[in-house]
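Peer 1: Protein chains in written order, with this note's numbering: chain A, 82 to 367; chain B, 115 to 380; chain C, 2 to 349.
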Amino acid sequence: MSRIPLRWRLLGPLLLLMGAVVAYPLGYSAWLSLTNRTITSPDTEVVALKNYTSLLSDGDYGTAMRNTLVFVLFAVACELVIGLALALALQRQRWARDATRAFLLTPMFVTPIAVGLMFRFLLNQQLGPIPSLLGGIGVTIDFFGPHLALPTIIAIDVWQWTPFMVLLLLAGLESLPTQPFEAARVDGASWWLTFRSVTLPLLRPVIAIAVLLRALDAFKIFEYVFATTRGGPGNATDTLQFLIYRTGFNFFRLGEAAAMGFVLVGVVLLLVIVLYRTLLRQEARA
Amino acid sequence: MSRLGRRLFLLVAAVVVAFPYAWVLMAAFKAPEDLNDPSKLSFTPTFDNWRAVGDSHVLGSAGTSVAVGLSTVAIALVAGTLGAYAISRFRAGGATTRFGILLSQVMPPAVLVVPLFLVAFNLGMRDTVQAVVAAHLTFVLPVVTWFLIGFFDAVPMAFEEQAMVDGQTRFGAFRRVVLPQVLPGIGAAGIFAFVLSWNDLFYALILAGGNTTTLPVKIASFDTFRGVELGTMSAAILVSVVPVFVACFFVQRRLVRGLSGGGLKY
Amino acid sequence: MATITLQGLQKRYGDVEAVHALDLEIPDGEVTVLVGPSGCGKTTTLRLIAGLETASGGAITIGERDVTRLEPKDRDLAMVFQNYALYPHMSVRDNIAFGLKARKTSKAESDRRVAEAARLLSVDHLLARKPGALSGGQQQRVAIGRAIVREPAAFLFDEPLSNLDAKLRVEMRAEILRLQRRLDATIVHVTHDQEEAMTLAHRVVVMNGGRIEQIGTPAEVYRQPASEFVARFIGSPELNVLETARAHAVLGLNDPRGAARVGIRPEEIQLASAVPADEAVARFTARLDVMELVGAQAILTFVLPDEERVRALVDARTAGRLAEGQDVELAIAGDGLLRFDADGRRVP
């Protein structure tokens with residue numbers, strides 16, 4: 082025992098566990114994605130890349146991919162803009178400072194399925210207060226209709242996760258050195274010039290991290306869809322994670338679901354690399 | 115931004131945040147006939163919904179969630195703390211390990227759930243707490259380790275060197291000098307990990323949707339839109355939300371440092 | 002360039018009064034140095050002048066204008082910060098031009114002034130670089146360049162030399178003086194380093210506990226300090242201070258004039274053999290405890306018979322003949338004795 086170096090003894094448990102719950106399933110999944118494995122039939126054949134090639138012509142998969150990308154792009158963009166505005170406002174807020182902050186951050190801690198159900202309830206045509214209020218001024222909106230269902234789900238994500246942006250950006254803002262801002266004040270820079278030329282560039286690494294973390298998490302969108310639309314109407318709100326859930330556990334086509342999962346991994350990795358290059362590398366050169 | 119504009123903006127944000135809470139809180143005390151009319155603001159509070167929550171095994175599910183959360187966190191903290199220290203100080207496993215941990219955080223649950231399901235199925239562990247714990251470890255382990263690498267990186271090596279010169283073993287220096295300094299960080303990571311586990315629906319739904327339901331799965335099961343269930347669901351939502359609010363209130367600050375892997379000072 | 006006047010300037014943080022009713026005139030075209038230990042209010046005073054802090058009372062006038070309630074940008078001042086406050090993501094050129102951009106100066110005019118300032122400070126070859134790629138001294142020059150291009154009414158320097166190593170600090174001191182003469186600039190400079198204050202200043206303002214202890218030329222604050230605090234703070238090694246009774250008993254110093262304490266500059270304690278009999282104020286014997294050589298001079302610490310310690314600053318060659326532990330005949334030369342009353346005020 083003592084001949085094994087301390088470092089490996091410390092790292093060992095972590096590596097074993099990660100191997101058991103991440104690496105092994107990942108390998109297993111890779112193999113499954115090359116088979117036609119289903120839960121219902123015991124006969125499993127290796128079908129090579131057929132699961133992947135059939136995805137290319139699968140309209141449902143294409144729609145789910147498009148919905149997921151639209152969802153991630155718009156949700157994260159809205160969260161960044163609103164989050165930055167809120168962080169700037171909170172940074173200068175003195176009155177009831179801690180209470181305001183703590184309260185505005187609470188949505189990110191609510192169980193996502195509860196958030197989904199809450200909004201399904203709030204926006205429900207018959208029982209929801211929001212359509213009822215809008216009805217009072219003569220506006221009728223079907224929040225879960227074919228055109229608005231995806232934007233509604235984006236709005237739910239914005240409600241829950243903008244606080245996460247605020248948390249990171251506010252921390253970033255408050256850890257910036259004060260002297261560049263004082264120098265800008267003495268130099269006579271306007272609020273806008275200071276924001277554009279000093280705040281944003283200094284905050285860039287924090288923004289990069291926040292966007293990256295949010296985008297990666299947004300790809301896992303499942304609960305809101307499960308709670309509100311179940312992918313409908315039609316497949317207007319079908320997302321990758323939800324489609325994989327249905328394929329694997331409603332239709333029991335495990336091999337196909339595994340292949341879908343791997344394509345998703347590819348997309349996510351691509352995103353990580355692109356974001357990393359555009360946002361973080363520029364900082365390194367500065 | 116003018117002062118008035120700023121305050122108005124924050125006020126609007128606070129209202130947007132508060133509105134759903136207020137509505138759910140109200141619904142939890144409304145009788146079915148009051149729920150049918152959203153414009154009705156005055157009503158006689160009733161505790162029927164809470165009684166229904168008591169009868170519908172919501173508390174049992176909450177118990178399951180606690181059991182899953184605590185087991186996941188305990189395992190993750192022990193393995194994560196030791197591993198993170200090895201990675202932070204000895205560069206154990208090199209860049210590959212660090213990158214592997216970062217990558218595991220990125221892994222969509224959709225790609226892991228199929229094999230986990232099959233393994234649980236083959237081992238006869240479907241619908242057990244153990245299966246859910248294993249699944250939750252897939253995302254809790256990398257997050258906790260990532261948090262702690264950042265916290266360990268922030269402790270200067272000089273502390274251990276001092277301790278070793280003073281006669282501690284390498285492990286003794288870790289246990290007596292470094293660990294106490296990182297303890298608040300470990301606490302924050304643990305609470306955060308618990309919240310992640312507590313909030314998960316995806317894995318719990320697929321791996322244990324039968325007798326071992328966790329709270330999110332139970333809440334999702336109220337998803338039939340007849341008025342009666344709406345009130346009960348609201349009460350159940352409150353059950354799930356309150357403990358998380360309390361827990362998170364204490365870890366907000368450290369959360370930031372952890373999330374960015376120590377790359378961001380707070 | 003303009004004169005800056007502070008009248009009854011006050012700053013309170015809650016119950017703590019950081020600056021007490023300060024009256025000060027900073028003359029046009031001169032270097033005024035605010036000096037004092039940390040917490041004496043010198044930086045707060047500078048930040049009040051800059052407008053980065055709001056005065057709790059009193060008035061600030063620049064030239065003819067009352068600027069007490071004005072925003073920093075409207076005061077027409079330029080400031081150089083302790084950590085230079087260069088924007089890390091901008092090139093040196095953009096850093097220097099930032100203040101001009103903020104004031105919407107034309108591109109041609111801005112380019113001309115940046116080029117001129119860069120040449121003046123010998124950073125013209127660095128204009129395309131980012132601050133991270135510069136040495137400390139170069140960053141310092143860029144920070145000064147950023148202030149110069151503005152052509153402000155006055156310059157405010159907040160401990161700009163404290164992050165430089167000792168050798169560079171001396172070079173930059175000379176550089177600042179050269180620039181000041183050339184631009185005929187009004188400079189308010191804050192430092193905790195009394196040597197820096199003495200070399201840079203036309204006028205030294207010694208501060209303590211949020212109040213001004215003394216305003217005067219470097220020679221005045223050294224030769225005629227207003228108080229024991231000033232006398233101790235200015236000058237290195239520090240002034241020797243003895244209770245009058247002890248000075249009489251141990252040193253045989255006969256000249257109390259009703260003072261409570263007597264101060265003796267270290268350079269006025271010399272080996273008895275080096276002081277002509279008629280110039281010596283007092284003679285005594287003490288044991289040499291520690292000898293520190295600093296180039297041409299040596300700092301000697303002596304233990305008096307009553308265990309009190311005094312320090313002397315002597316010629317290194319003289320000191321070379323002595324050994325630690327040895328009893329030495331000493332004399333107090335000249336008439337530079339400083340006398341203080343019980344409240345620490347100097348009595349003539």
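Positions of the beta carbon are idealized from the N, C-alpha and C atoms, including for glycine.
For the segment 64-92 of chain C, which residues have a CB atom closer than 7 Å to at least one CB atom of chain A, in sequence order?
Peer 2: Within the segment 64-92 of chain C, the qualifying residues are P73, K74, L78, A79, M80, F82, N84, A86, Y88, P89, H90.
Peer 1: Any idea if H190(C) is buried or exposed, counting beta-carbon neighbours within 10 angstroms, 16 or more meaning buried?
Peer 2: So H190(C) counts as buried.
Peer 1: With 16 other CB atoms within 10 Å as the buried threshold, where does Y88(C) fall?
Peer 2: Classification of Y88(C): buried, given that the 10 Å Cβ count is 16 or more.
Peer 1: Can you name the start and end residues of the beta strand (DSSP E) that N209(C) belongs to?
Peer 2: Here the beta strand (DSSP E) through N209(C) covers 204-209.
Peer 1: Three or more C-beta pairs under 8 Å: does that hold for the segment 79-95 of chain C against the segment 143-162 of chain C?
Peer 2: Touching, yes, given that three or more Cβ pairs across the two stretches are closer than 8 Å.
Peer 1: Counting only Cβ-Cβ distances shorter than 8 Å, please list the residues of the segment 302-325 of chain A near chain B, keeping chain order.
Peer 2: The segment 302-325 of chain A vs chain B, Cβ under 8 Å: F303, E304, F307, A308, L321, Q322, I325.
Peer 1: Looking at chain A, is there any beta carbon in it that lies within less than 9 Å of the beta carbon of F99(C)?
Peer 2: F99(C) counts as touching chain A.
Peer 1: Is any beta-carbon of chain A found at less than 9 Å from that of L47(C)?
Peer 2: It does not: the Cβ of L47(C) has no partner Cβ on chain A nearer than 9 Å.
Peer 1: Compute the Euclidean distance between the alpha carbons of K332(B) and L53(C), then round it to the nearest angstrom.
Peer 2: K332(B) and L53(C): Cα-Cα distance of roughly 57 Å.
Peer 1: Enumerate in chain order the residues of its own chain whose CB-to-CB distance from T242(B) is below 8 Å, with the five nearest sequence positions on each side excluded.
Peer 2: Result list for T242(B): A234, A322, T326, in chain order.
Peer 1: Note the first and the last residue of the continuous alpha helix (DSSP H) segment covering E12(C).
Peer 2: Reading off the sequence shown, one finds Lys at residue 12(C), where the question assumed Glu. Premise fails: K12(C) lies in the beta strand (DSSP E), 5-14, not in any alpha helix (DSSP H).
Peer 1: DSSP on G194(B), reduced to helix/strand/coil?
Peer 2: Helix.
Peer 1: So which residues on chain A does T252(B) lean against when the C-beta distance must stay under 7 Å?
Peer 2: Result: V102, V103.
Peer 1: Is it buried or exposed, Y357(A), if we count other Cβ atoms within 10 angstroms and call 16 or more buried?
Peer 2: Exposed, since its Cβ has fewer than 16 Cβ neighbours within 10 Å.
Peer 1: Run through DSSP, which three-state label would N241(C) get?
Peer 2: In the structure shown, N241(C) sits in a strand (DSSP, three-state: E or B).
Peer 1: If you draw a straight line from the C-alpha of R284(B) to the C-alpha of F245(A), how long is it?
Peer 2: When rounded, the distance between both Cα atoms is 38 Å.
Peer 1: Leaving aside the five residues before and after G133(C) along the sequence, list all residues of the same chain whose C-beta is less than 8 Å from its C-beta, in chain order.
Peer 2: Taken in chain order, the residues that qualify are P89.
Peer 1: Identify whether V128(A) lies in helix, strand or coil by the three-state DSSP scheme.
Peer 2: Correct three-state label for V128(A): coil.
Peer 1: Look at the Cβ atom of V247(A), then the Cβ atom of V355(B), and state whether they are nearer than 9 Å.
Peer 2: The answer is no: Cβ separation not under 9 Å.
Peer 1: Kindly indicate which three-state DSSP category M292(C) falls into: helix, strand or coil?
Peer 2: Three-state result, M292(C): strand.
Peer 1: Below 8 Å on the Cβ atoms is my contact criterion, and I expect V406(C) with V36(C) to pass it. Report the Cβ-Cβ distance as a whole number of Å.
Peer 2: The structure shown does not extend to residue 406(C), since chain C is modelled only from 2 through 349, so no value can be given for it.
Peer 1: Within 9 Å of any Cβ in chain C, is that where the Cβ of L274(A) sits?
Peer 2: L274(A) counts as touching chain C.
Peer 1: Please confirm if V342(B) has its CB atom under 9 Å from at least one CB of chain A.
Peer 2: Confidence at V342(B) is low in this model, with a pLDDT of 47, below 50, so its placement is unreliable and the value that follows should be read with caution. So no, V342(B) is outside the interface.
Peer 1: Considering just the uninterrupted stretch of the beta strand (DSSP E) at H21(C), what are its terminal residues?
Peer 2: 17-27 is the span of the beta strand (DSSP E), which, as asked, contains H21(C).
Peer 1: Report the partner residues of H190(C) according to the DSSP bridge assignment.
Peer 2: Partner(s): V34(C), F158(C).
Peer 1: Taking only beta-carbon positions, decide if L283(A) is within less than 9 Å of chain C.
Peer 2: Cβ-Cβ to chain C under 9 Å: yes for L283(A).
Peer 1: Can you tell me whether F262(A) is helix, strand or coil according to DSSP?
Peer 2: Reduced to three states, the DSSP call for F262(A) is helix.
Peer 1: Comparing the C-beta of A339(A) with each C-beta of chain B, is any distance below 9 Å?
Peer 2: Answer yes: the Cβ-Cβ gap between A339(A) and chain B drops below 9 Å somewhere.
Peer 1: The alpha helix (DSSP H) that contains T243(A), what's its start and end?
Peer 2: Here the alpha helix (DSSP H) through T243(A) covers 230-256.
Peer 1: Determine, for R358(A), whether the minimum Cβ-Cβ distance to residues of chain C falls below 9 Å.
Peer 2: With 9 Å as the cut-off, R358(A) does not count as an interface residue toward chain C.
Peer 1: Would you mind telling me which residues of chain B sit closer than 7 Å to P210(A), beta carbon to beta carbon, in chain order?
Peer 2: Ordered by position in chain B, the residues that pass the 7 Å Cβ test against P210(A) are W137, P152.
Peer 1: Within the segment 141-222 of chain B, note down every full alpha helix (DSSP H) run reaching 4 residues or more, in order along the chain.
Peer 2: Here the runs fully enclosed are 146-149, 162-169, 172-204, 208-220.
Peer 1: What separation, rounded to the nearest whole angstrom, lies between the Cα atoms of N150(B) and F184(A)?
Peer 2: Roughly 30 Å between the two C-alpha positions.
Peer 1: Going along the chain, which unbroken runs of the alpha helix (DSSP H) with 4 or more residues stay wholly within the segment 257-288 of chain C?
Peer 2: Taking only runs of at least 4 residues, no alpha helix (DSSP H) segment lies wholly in the segment 257-288 of chain C.
Peer 1: Would you call W112(A) buried or exposed, if buried means 16 or more other Cβ atoms sit within 10 Å of its Cβ?
Peer 2: Exposed is the call here.
Peer 1: Determine the contact status of A435(A) and L250(A), defining contact as a CB-CB distance below 9 Å.
Peer 2: Absent from the structure is residue 435(A), since the part of chain A shown begins at 82 and ends at 367.
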